[in-house]
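Enquirer:
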Amino acid sequence: MSSTQHNGEPWLYSIHSARDGRNISPWDLASGLMACYNLSTLLAYFLSFGGFLLLRRIRNVDLHQIGEHGRIEHDASLVHKDTPKGQKYAPTKVHSGLVNLLLSDAKTGDEEGEGPEYGDRRILMDATDVARARVRREKECPKLDRMHAEIARGEMGIVLGVLEVHSGKNVGVPVEWLREWIGYERLPTGWKPTHVQGLFDVVFRSKAIRTSMQELEEKEGVVRKSHSFSILDGMLRLFLH
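Read in order, the letters of the sequence shown correspond to residues 781 to 1021 in the working numbering.
#1: In its own chain, which residues sit with a C-beta less than 7 Å from the C-beta of Leu979, not counting the 5 before and 5 after it?
#2: Please classify Ile838: is it buried, with 16 or more other beta-carbons within 10 angstroms of its beta-carbon, or exposed?
#3: Mind checking Ser986: buried by the 16 CB within 10 Å criterion, or exposed?
#4: Assign Met853 to buried or exposed, taking buried as 16 or more other Cβ atoms, counted over all protein chains shown, within 10 Å of its Cβ.
#5: Below 8 Å, can you find three or more Cβ-Cβ pairs linking the stretch 878-885 to the stretch 853-864?
#6: Do the stretch 861-876 and the stretch 926-946 touch if we need at least three Cβ pairs shorter than 8 Å?
#7: Who are the near neighbours of Leu777 in its chain, counting only those whose CB is closer than 8 Å to its CB and skipping five residues on each side?
#8: Could you please give me the residues that DSSP links to Glu853 through a beta bridge?
#9: Should Phe984 go down as buried or exposed, given a rule of 16 or more other Cβ atoms within 10 Å for buried?
#10: Can you tell which of Lys873, Asp906 and Gln977 has the C-alpha that lies nearest to the C-alpha of Ala886?
#11: Please return the same chain residues whose Cβ sits closer than 8 Å to the Cβ of Arg851, not counting the five positions on each side in sequence.
#12: Cβ of Gly952 within 8 Å of Cβ of Leu904?
#13: Can you tell me whether Val976 is buried or exposed? The criterion is at least 16 other CB atoms within 10 Å of its CB, across all chains shown.
#14: Report the CB separation of Arg914 from Ile989 in whole angstroms; it is logged as a contact under 8 Å.
#15: Using the C-alpha atoms, what's the distance from Glu935 back to Val982?
#16: With Pro973 and Glu960 assumed to form a contact (beta carbons below 8 Å), what rounded beta-carbon distance in angstroms separates them?
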């Protein structure tokens, strides 16, 4: 695998372009996240140094190392196939079928002024739509442990915060932006940062996704044990394992 390949993480585009995906320090990663996506200093450094902790890395890394399975990367991705048994690194190719299913989870017509008759430009993905997608994928894939389930929700919590727009009474991410950003791995056409994205807002959105998932699973008769979980505790456990 080339050292410039990565696991389809749009967050890493700015770093990939600036350093060719090589010899990345946590400071490089944090700076790139702040410059490209206008993440707050606290959120950018939490993601960067937390990621290095999960990777059990002290020295600089190449982008492909971030895709090591079972560290930050996890099964039940919304747009990647699971890591084949025995493989150290996750698949880097975005699966177009999974992208289409993800976007279909937003095209429910539940929100005012949404539905196929309005075209994709009027369809927004919100926390409930993300929850629908996560429930679907987690039924299809091996069960995630609590830490990686939290990471999976947090990833999309950041997406919802960074790309969110308002359309009438609806709030969410335009599905055509999501297709560009996740499906084609490029910044959405016409998008630019409009606000600083903070850590506590991401936590709030992640909890909203979790709550919606629980409601959907209850409707389907799925019983999920509720656990109090600190992602920092999980990072420490994995680092010391």
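For each residue, glycine too, the CB sits at the ideal point set by N, CA and C.
Expert: From the atom records:
#1: Ser820, Leu822, Leu823 and Phe826
#2: exposed
#3: buried
#4: It should be pointed out that residue 853 corresponds to Glu in this sequence rather than to Met. Buried, since its Cβ has 16 or more Cβ neighbours within 10 Å.
#5: yes
#6: no
#7: Residue 777 cannot be examined here, being either before or after the span of the chain that is shown, 781 to 1021.
#8: His849
#9: exposed
#10: Asp906
#11: Leu834, Leu835, Arg836 and Leu1018
#12: yes
#13: exposed
#14: 7 Å
#15: 9 Å
#16: Between Glu960 and Pro973 the Cβ distance is about 16 Å, and since that is not below 8 Å, they are no contact.
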